[in-house]
Structure formats: structure tokens, C-alpha cells
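Each residue of the sequence shown is one higher than the one before, starting from 1 at the first, in full-length UniProt numbering. Even glycine gets a Cβ: it sits at the ideal position worked out from N, Cα and C.
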Amino acid sequence: MTCIAVIDFETTGLSPAMGDRATEVAIVLVENGKVLDRFQSLMNAGVHIPAFITSFTGISNAMVSAAPDADTVMREAGRFVGSAPMVAHNASFDRRFWLAELANAGVPATHASAQAFACTMLVSRRLYPQAPSHKLGVLVDYHHLPTGGRAHRAMADAEMAAALLGQIQHDLRTRHGVLRPDHGLLMALQRCARPAVQALMAQHAAPVPV
Numbered sequence: 001m002t003c004i005a006v007i008d009f010e011t012t013g014l015s016p017a018m019g020d021r022a023t024e025v026a027i028v029l030v031e032n033g034k035v036l037d038r039f040q041s042l043m044n045a046g047v048h049i050p051a052f053i054t055s056f057t058g059i060s061n062a063m064v065s066a067a068p069d070a071d072t073v074m075r076e077a078g079r080f081v082g083s084a085p086m087v088a089h090n091a092s093f094d095r096r097f098w099l100a101e102l103a104n105a106g107v108p109a110t111h112a113s114a115q116a117f118a119c120t121m122l123v124s125r126r127l128y129p130q131a132p133s134h135k136l137g138v139l140v141d142y143h144h145l146p147t148g149g150r151a152h153r154a155m156a157d158a159e160m161a162a163a164l165l166g167q168i169q170h171d172l173r174t175r176h177g178v179l180r181p182d183h184g185l186l187m188a189l190q191r192c193a194r195p196a197v198q199a200l201m202a203q204h205a206a207p208v209p210v
């Protein structure tokens with residue numbers, strides 16, 4: 001099973017198309033449920049952080065003013081990820097900022113990081129429809145996964161998303177008999193209509209001995 005990069009951004013708002021920028025990025029490299037390495041940095045994109053964002057994330061204008069510039073951080077982040085396929089919770093949000101910040105830094109996105117963003121929120125909706133919510137913190141509590149650091153800081157959220165990914169892969173193996181709960185299967189699951197999930201699992205399950 002190949003290495004997967006689990007990423008989380010903190011930002012000044014919801015959309016780079018509206019001028020919002022990243023203020024912090026964290027990436028956790030995992031393989032077979034084990035953390036291989038971590039990358040985290042605040043980043044100075046030269047934009048003002050609104051007060052309500054600071055109250056939400058704890059990241060202030062003073063903090064980012066002392067941080068490396070965003071281009072430098074994204075060049076390092078791009079090297080760190082390499083060609084690893086990526087995972088995030090609510091991945092459409094993080095994918096937008098990943099591509100926008102790489103473009104701002106003049107860094108080409110690899111095919112894997114540009115296209116293959118699996119979403120633990122979408123996969124959890126397929127596998128755990130009974131969960132009270134599919135927000136990251138709720139799912140972490142639902143599965144009794146460890147928490148560390150402040151929520152809505154990039155590394156704490158990336159670590160929780162990585163733990164949730166490990167839980168998903170464990171459940172795919174033990175509950176559904178999937179031999180290789182890899183990134184490709186996650187991508188297929190998040191695109192799969194809920195009534196078709198069991199059929200998809202059956203396609204990837206280990207053959208039953210006769």
C-alpha cells in the first residue's frame with residue numbers, strides 16, 4: 001500500500017477565488033495506518049486575518065507576520081508530499097487551497113496531488129451513516145480516537161483526519177473483508193451511491209475459501 005498524505009489548511013476564509021489565503025498548513029504522511037512523517041508551518045501570504053478567523057483558529061496577524069512567506073512554505077510542502085495521493089476531511093476545501101497556493105508559488109501540482117484527493121467526510125458518510133454527524137470532531141469522538149492540540153489548528157486537525165483514515169481502513173479490512181483498502185478504493189467509495197456501497201465492497205473483498 002502506498003504512502004498517503006493527509007493535509008489540513010487554516011485560512012482567512014472559505015475560497016481562494018474570493019481572495020482568501022492559507023495561514024497554516026499541516027501534512028501527515030501515513031502508510032498502513034502508521035505515521036511516517038509530519039510537516040507543519042504557519043505561512044505569511046501578506047493578507048489580513050479577520051478577527052473572527054483569529055477567534056476561530058487562534059492564528060493572529062502577529063503570528064503570521066513572523067512566519068515564512070507562503071511561497072517558501074508551499075515549495076517545501078510540495079517537496080514533502082511529492083507524488084503521494086492526498087486525503088483531507090472536507091477535501092474539496094483543502095484541495096482548492098492546495099492548488100491555489102501551489103499556483104501562487106509557481107509550483108506545478110503533480111497529477112496525484114491535483115486530482116486524487118480522497119475525502120474522509122464523504123467516505124464516512126458511506127461507511128458510517130449512523131454517526132450523529134460527519135464533522136471531523138464528531139467522528140473522532142464517535143470512534144473514540146485520540147485528540148491532541150487545539151481544534152482548528154492545522155496539525156491537530158491533520159492528525160485527527162489521519163487517525164480517522166486509519167479507522168476507516170481498519171474497518172474496511174475487518175468488517176468488509178477488503179484486502180487492500182488503498183487510496184483508489186477511497187476514491188471509488190466517495191463517488192459511490194450509498195445503496196451501491198455493499199456491492200463495491202464485495203468487489204474488493206478477499207475471496208472466501210472453499
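Membership of I7 in any alpha helix (DSSP H) is not indicated; the residue belongs instead to the beta strand (DSSP E) covering I4 to T11. Counting only runs of at least 4 residues, the segment 117 to 156 fully encloses the following alpha helix (DSSP H) elements, listed from N- to C-terminal order: 120 to 127 and 136 to 142. In this structure, the CA atom of P16 is about 24 Å from the CA atom of E159.
Beta-bridge partners assigned by DSSP to N44: D69. Counting along the chain, V197 sits inside the alpha helix (DSSP H) bounded by residues V197 to H204. By the CB criterion at 8 Å, A162 and V6 fall inside the cutoff. Minimum Cα-Cα distance from S92 among the listed residues Q40, H143, T120 and A70 corresponds to T120. Rounded to the nearest whole angstrom, the CA to CA distance from E24 to D69 is 11 Å. DSSP, read as helix, strand or coil, puts R38 in strand.
In this structure, V107 places its C-beta atom within 8 Å of the C-beta atom of R75. Note on geometry: alpha-carbon atoms of V81 and A154 lie some 16 Å from one another. When C-alpha distances from A22 are compared across R38, A45 and T2, the shortest belongs to A45. DSSP places T23 in the uninterrupted beta strand (DSSP E) bounded by A22 to E31. Between L42 and S60, the alpha-carbon positions lie close to 10 Å from each other.
DSSP, reduced to helix, strand and coil, places A88 within a strand of the structure shown. For H152, the closest of F9, T2 and H170 by C-alpha to C-alpha distance is F9.
In the structure shown, V81 adopts helical secondary structure according to DSSP, grouped into three states.
Of the candidates D171, A51, A77 and V197, the residue whose Cα lies closest to the Cα of T110 is A77.
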